[in-house]
Amino acid sequence: MLDIKMIRENPDAVRENIKKKFQEEKLPLVDKVLALDNENRAAITEASELRAQRNTLSKQVGMLMGQAKKDPSKLEEAEAVKAQVKANAERLAQLEQDEARLEAEIHKLMLVIPNIIDPSVPIGPDDSCNVEVERFGEPATPGFPIPYHTEIMERFDGIDMDAAGRVSGNGFYYLLGDIARLHEAVLAYARDFMIDKGFTFCIPPFMIHGNVVEGVMSQTDMDSMMYKIEGEDLYLIGTSEHSMIGKFIDQILPEASLPQTLTSYSPCFRKEKGAHGIEERGVYRIHQFEKQEMIVVCKPEESMDWYEKMWRYSVELFRSMEIPVRQLECCSGDLADLKVKSCDIEAWSPRQGKYFEVCSCSNLGDAQARRLKIRVKGEDGKNYLPHTLNNTVVAPPRMLIAFLENNLQEDGSVHIPEVLRRYMGGKERLVPKC
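Throughout the sequence shown, residue numbering follows this note's numbering, covering 283 to 716 in sequence.
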């Protein structure tokens, strides 16, 4: 969410940013916010003047009432001032109601106006305009056919989607045996990987209040992603970033405590609305999965350095598991409204002969901090808004697709990279059961 001062002082820049994000339907919101803001500031000014008059008039009434004891003619004047005090009080009450209404309307509109994107973000209407920046590892296609990922898992008796469908419906799964163990091994390795990078491990709440949801994500994302608990002000998290950033709501952090670097484990729950193609079935897009996340709360001047570090951590992690990846810079139209800059890390799929998303790294500037009222007390004693960032460390089971395809051997076994073996009981490979 933008600072209202930004819209007051640079409305053309805000409009230009909306155009860069190909959201022309939002252009009228700028003028609406400015009009409401002018009305609100006028109400605030008038209310302040009435409050200042209140003490003066009250003293005047008291003085006139005292004089009326000796001079009855003063009583009429005192009653007139009393009437003015009453009229002012009624007007002040109305102005205070107007302020609350106007501030709520402004806030609602401000939640919809997109954040100012970084100048380095490529301009384009949708993800077809995302830009490949760099590749890491040589993508290879083996000389034998690679089955669909669920077929690979089934050879190890590692997945049962039919039973999950009977129990929970479409978009759920049972993982079993070595595949379930591999799933947990990847999460454990990712946890330790981030701890070794200096991040503090955390297991957060898996449900959050509505005001936290509003603080961490756009309304569009909220409606399309979040599951609400019926009859309660609680939502199931779509990613642990939501509760991790929410941890700092309404807090004033000492500057010496920055940066806050946390890595969190959680299950994630998503509606995943819309139709998806064959390559997004199986365990690619599901309603429930587990994830290791990283978040950073830092000084504004340090956020781009952290952005660079964070996506490179993802590359390092996947390359240590012998999976080729690339970095893809997200264009303006593909950025969620709160994001300043974002990139995806995509893993190579030998089966498809192309890359697919496994991590998403985002710099949100001060947007989440402003919404959640997260502040930092600087050395000069003044408060300022920190920047927040998040990135996927690893999100199995989607990551298992890349892992199984890239480590599948011609005999049907799966190679276990060195870094995972201690989490797999020393196993160097998985042997299929059928």
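Glycine included, each C-beta is placed from N, C-alpha and C at the ideal position.
If you're wondering where the values come from, they're calculated on a predicted model, not measured in any experiment.
Where the alpha helix (DSSP H) through residue i begins and ends
i: ASP460; result: 459-478
i: SER522; result: 522-528
i: GLN650; result: 649-654
i: GLU687; result: 680-689
i: ASP587; result: 585-602
i: ALA295; result: 293-302
i: MET706; result: Where MET706 is concerned, there is no enclosing alpha helix (DSSP H), given that its DSSP letter is neither H nor E.
i: GLU433; result: 431-437
Enclosing beta strand (DSSP E) for residue i [first to last residue]
i: ILE627; result: 623-631
i: ILE398; result: From DSSP, ILE398 is part of no beta strand (DSSP E); its letter is neither H nor E.
i: VAL676; result: 669-676
i: VAL607; result: 607-611
i: GLN570; result: 570-580
i: ARG657; result: 657-659
i: LYS636; result: 636-645
Nearest-angstrom Cα separation, counted from residue j out to residue i
i: ARG711; j: ASN689; result: 9 angstroms
i: PRO541; j: LYS581; result: 7 angstroms
i: ALA365; j: GLU381; result: 24 angstroms
i: GLU604; j: VAL403; result: 30 angstroms
i: MET283; j: TYR705; result: 42 angstroms
i: GLY707; j: ARG552; result: 32 angstroms
i: GLU416; j: TRP593; result: 12 angstroms
i: ALA651; j: SER450; result: 37 angstroms
i: CYS484; j: THR674; result: 14 angstroms
i: GLY647; j: GLU372; result: 42 angstroms
i: TYR547; j: TYR471; result: 12 angstroms
i: LEU318; j: ILE405; result: 31 angstroms
i: LEU339; j: GLN376; result: 19 angstroms
i: ASP532; j: ASN645; result: 20 angstroms
i: LEU654; j: ARG473; result: 27 angstroms
i: GLY559; j: SER596; result: Reliability of the predicted coordinates at GLY559 is poor, the pLDDT of 48 falling under 50, and the value obtained from them is presented with this limitation in mind. Rounded to the nearest angstrom, the two C-alpha atoms are 26 angstroms apart.
i: PRO407; j: LEU620; result: 16 angstroms
i: ALA325; j: ARG383; result: 11 angstroms
i: PRO421; j: ASN412; result: 20 angstroms
i: ASN320; j: PRO401; result: 30 angstroms
i: HIS684; j: GLN634; result: It should be pointed out that residue 684 corresponds to Ala in this sequence rather than to His. Between ALA684 and GLN634, the C-alpha separation is close to 11 angstroms.
i: ALA557; j: GLY663; result: Residue confidence for ALA557 is low, a pLDDT of 43 falling below 50, so the modelled location carries little weight; the figure read from the coordinates is stated next. Between ALA557 and GLY663, the C-alpha separation is close to 52 angstroms.
i: ARG297; j: LEU311; result: 9 angstroms
i: ASP460; j: ASN452; result: 23 angstroms
i: ILE233; j: THR432; result: Residue numbering for the chain in the displayed model covers 283 to 716; residue 233 lies beyond these limits and cannot be assessed.
i: LYS623; j: ILE399; result: 6 angstroms
i: ALA386; j: GLU378; result: 12 angstroms
i: LEU275; j: LEU682; result: A query on residue 275 cannot be resolved here, the shown segment of the chain reaching from 283 to 716 and no further.
i: ASP734; j: LEU599; result: Lying before the first or after the last residue shown, residue 734 is absent from the chain, which here runs from 283 to 716.
i: MET392; j: ASP587; result: 28 angstroms
i: ASP285; j: LYS573; result: 32 angstroms
i: LYS659; j: ALA649; result: 18 angstroms
i: PRO632; j: GLU687; result: 6 angstroms
i: GLN335; j: LEU667; result: 36 angstroms
i: ARG333; j: ILE656; result: 31 angstroms
i: THR543; j: CYS643; result: 14 angstroms
i: GLU639; j: PHE418; result: 14 angstroms
i: ARG529; j: TYR517; result: Just to set this straight, residue 529 is Lys in the shown sequence, not Arg. Cα to Cα, the separation comes out at about 15 angstroms.
i: ASP515; j: CYS641; result: 30 angstroms
In DSSP terms, what residue i is bridged to
i: ASP442; result: TYR456
i: HIS697; result: ARG711
i: PHE488; result: For PHE488, which the question treats as bridged, DSSP gives no partner whatsoever.
i: GLU416; result: GLN609
i: PRO721; result: For residue 721 there is no data in the structure shown, the boundaries of the chain being 283 and 716.
i: LYS510; result: TYR517
i: GLN542; result: VAL579
i: LEU318; result: For LEU318, which the question treats as bridged, DSSP gives no partner whatsoever.
i: ASN665; result: LYS659
i: PHE483; result: THR545
i: CYS550; result: PHE571
C-beta neighbour in chain D for residue i, strict 7 angstroms
i: GLU420; result: Included in the structure is just one protein chain, with no chain D present.
Inter-residue CB distance, residue i and residue j (contact presumed, cutoff 8 angstroms)
i: MET476; j: MET576; result: 6 angstroms
i: ARG608; j: TYR637; result: 5 angstroms
i: PRO714; j: PHE438; result: 5 angstroms
i: ILE300; j: PRO427; result: Going by Cβ atoms, the distance from ILE300 to PRO427 rounds to 48 angstroms, so no, they are not a contact pair.
i: LEU671; j: TYR589; result: 6 angstroms
i: VAL315; j: ILE388; result: 6 angstroms
i: PHE481; j: THR545; result: 4 angstroms
Check: On the three-pair Cβ rule with 8 angstroms, is the region 564-581 touching the region 621-631?
Finding: no
Note to self: Measuring CB atoms only, is the region 684-700 touching the region 532-541, in the sense that at least three cross pairs come out at less than 8 angstroms?
What the structure shows: no
Next item on the list: Could you say if the region 452-472 and the region 674-683 meet the contact criterion of at least three C-beta pairs nearer than 8 angstroms?
Entry: yes
Margin query: Under 8 angstroms, with one C-beta from each stretch per pair, do the region 434-444 and the region 505-514 reach the 3-pair mark?
Written below: no
Notebook entry, point to check: Is there contact here, the region 599-615 with the region 301-310, by at least three beta-carbon pairs under 8 angstroms?
Noted result: yes
Next item on the list: Pair every Cβ in the region 513-530 with every Cβ in the region 483-500, then say whether three or more of these pairs are closer than 8 angstroms.
Entry: yes
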